[in-house]
Amino acid sequence: MSRTEPRALDMALDEALPRWHRRERHRLPVGLPAPAVMRAAAEVTWADVPLFRAVMTGAGLGRTRFPADAPVLGLFLGNGFTVLYRGEDELLVGGIERISRGQPVVPLAPGTTPDAYRAFDAPGHLKLAFNFHCAGGVLSTETRVYATDDRSRRLFGAYWLVIRAGSGFIRRVWLRGVRRRAARTGGDGGPVSRA
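Numbers given in our numbering equal positions in the sequence shown, counted from 1, plus 96.
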């Protein structure tokens with residue numbers, strides 16, 4: 097059954113995917129200005145998240161390279177996901193995947209709006225969205241998955257049981273990498289002066 101929740105915060109994620117079948121949330125105090133934290137979220141590299149990089153390299157049996165200086169978001173944006181919203185306090189990324197062996201990803205065009213994303217409802221698909229949000233000195237990330245039909249929901253539910261713990265670990269590592277990068281840039285986008 098789909099869930100909805102009262103809007104505690106006005107987030108683009110709520111607009112793009114107000115209902116979901118699976119959800120995961122994590123938060124971390126950052127104590128830095130939201131725009132600097134969102135910039136770090138967009139720019140965090142594999143060097144900033146070495147444990148995440150190791151997990152992904154292991155999962156791919158070493159066949160996929162994750163260059164240290166490449167942005168982590170590039171993994172998603174290069175595989176059919178797109179930035180649905182970017183603001184001073186939130187970065188929202190979304191994708192659509194088919195439950196099939198053929199072409200599993202439905203590439204989203206850059207500039208796809210949260211409204212257009214929400215309207216997609218073709219059977220046999222999963223809508224996956226995740227954000228980074230910074231408010232009150234706290235950085236959070238939330239991942240939501242919505243299945244467009246019952247079969248897709250059941251299949252993804254079984255997969256979710258297998259990956260959920262690892263997914264949560266990766267998100268916590270990712271949050272810490274964003275916080276480190278934001279702190280390293282001094283909250284203004286530039287490197288911290290050591291003078």
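Quick reminder that beta carbons are idealized off the backbone N, C-alpha and C, glycines included.
As the crow flies, the alpha-carbon of residue 176 is around 13 Å from that of residue 222. Looking only at 141, 202 and 227, the smallest Cα-Cα distance to residue 180 is reached by 227. According to DSSP, residue 111 shares a beta bridge with no other residue.
For residue 113, the closest of 123, 212 and 233 by C-alpha to C-alpha distance is 212. Less than 8 Å separates the beta-carbon of residue 200 from that of residue 193. Here residue 249 has 117 and 243 as same chain residues with Cβ atoms under 6 Å from its own Cβ, once five neighbours each way along the sequence are excluded. Sequence-distant partners of residue 263 (beyond 5 residues in either direction) whose C-beta falls short of 8 Å from its own C-beta, in its chain, are 120 and 239.
Between residue 231 and residue 109, the C-beta spacing is not below 8 Å. Per the C-alpha coordinates, the member of 185, 140, 214 and 253 positioned closest to residue 115 is 214.
As a beta-bridge residue in DSSP terms, residue 231 pairs with 234. Residue range 186-194 is occupied by the beta strand (DSSP E) that includes residue 189.
The C-alpha of residue 235 lies about 9 Å from the C-alpha of residue 185. In this structure, residue 138 sits near residue 169, with a CB-CB distance shorter than 8 Å.
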